[in-house]
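One point on numbering: in full-length UniProt numbering, the residue at position 8 of the sequence shown is 8, and numbering is uninterrupted.
Here a beta-carbon is modelled for each residue, glycine too, at the ideal position from N, C-alpha and C.
Keep in mind that this is a model prediction, so the values were computed, not measured.
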Amino acid sequence: MKQLLDFIPLIIFFVLYKMQDIYVATGALIIATAVQVILTYLLYRKVEKMQLITFVMVALFGGMTIIFHDDNFIKWKVTIVYVVFALGLAISHAIGKSAIKGMLGKEISLPDPVWAKVTWAWVVFFSFCAGLNIYIAYKLPLDVWVNFKVFGLLAATFGFTVITGVYIYKHLPKQKSESNPGD
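Take a look at the structure:
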């Protein structure tokens, strides 16, 4: 349910962009993201920091897009969110409080060097996506950027999550089989 809730604002943005324009879609994105945060809190009594950061950035840059009637602000939002995530992960790791280990470490036990590699891989991934977003936003038509934002980044994030999961799985401690008392 929570995963579906995370995609609803993006779907609304895409549909309204195709039916109307970037400004109507951006306004709807702001409203849908606010509703998403409220629903997440009501359903789970908790809102993740990442979700709050995303909402603040959507409201700020989306608001500027609408007020100044300039789609550059909403294009930059994507890059800034990815840079904030990359910096947050890098800084949290540098000060010895890995954010990824903090999120997953309660359920998964891994050696610190594995957590470090996972963290730095995500820092690189977010940094790459931030740069790629700027390139696509300013070198290609708006339609291409919207498709990239909605489908390209979503697919890339999903794919990278799967790759991360496979890497983590390979480094999970092996369960010792229980001895049979009759042996």
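- Scanning Met50, Asp6 and Tyr44 for the CA closest to the CA of Ala32 turns up Asp6.
- Its chain contains Ser92, Trp115 and Thr119 as the residues whose beta carbon lies nearer than 7 Å to that of Ser98, once the 5 sequence neighbours on both sides are disregarded; these appear in chain order.
- Annotation: Gln20 is outside any alpha helix (DSSP H) and is labelled neither H nor E by DSSP.
- For Lys170, the number of other beta carbons within 10 angstroms of its own is below 16, and it is reported as exposed.
- In this structure, DSSP gives Ile108 a state outside helix and strand, which the three-state scheme calls coil.
- Remark: C-beta atoms of Leu110 and Ile163 do not approach each other more closely than 8 Å.
- Our two residues, Pro141 and Asp112, have alpha carbons roughly 43 Å apart in a direct line.
- As for any beta strand (DSSP E) of minimum length 3 sitting wholly inside the region 72-107, there is none.
- By the neighbour-count criterion, in which a residue is buried when 16 or more other Cβ atoms sit within 10 angstroms of its Cβ, Ala137 is buried.
- Lys170 sits in a helix when the DSSP states are folded into three classes.
- Apart from sequence neighbours up to five positions away, the residues of its chain that approach Met57 with a beta-carbon distance below 7 Å are Lys77, Ile80 and Val81, ordered along the chain.
- Per DSSP, reduced to three states, the secondary structure at Lys139 is helical.
- Below 8 Å, enough C-beta pairs join the region 13-24 and the region 59-71 to call them touching: three or more.
- For Val56, the secondary structure class from DSSP, reduced to helix, strand or coil, is helix.
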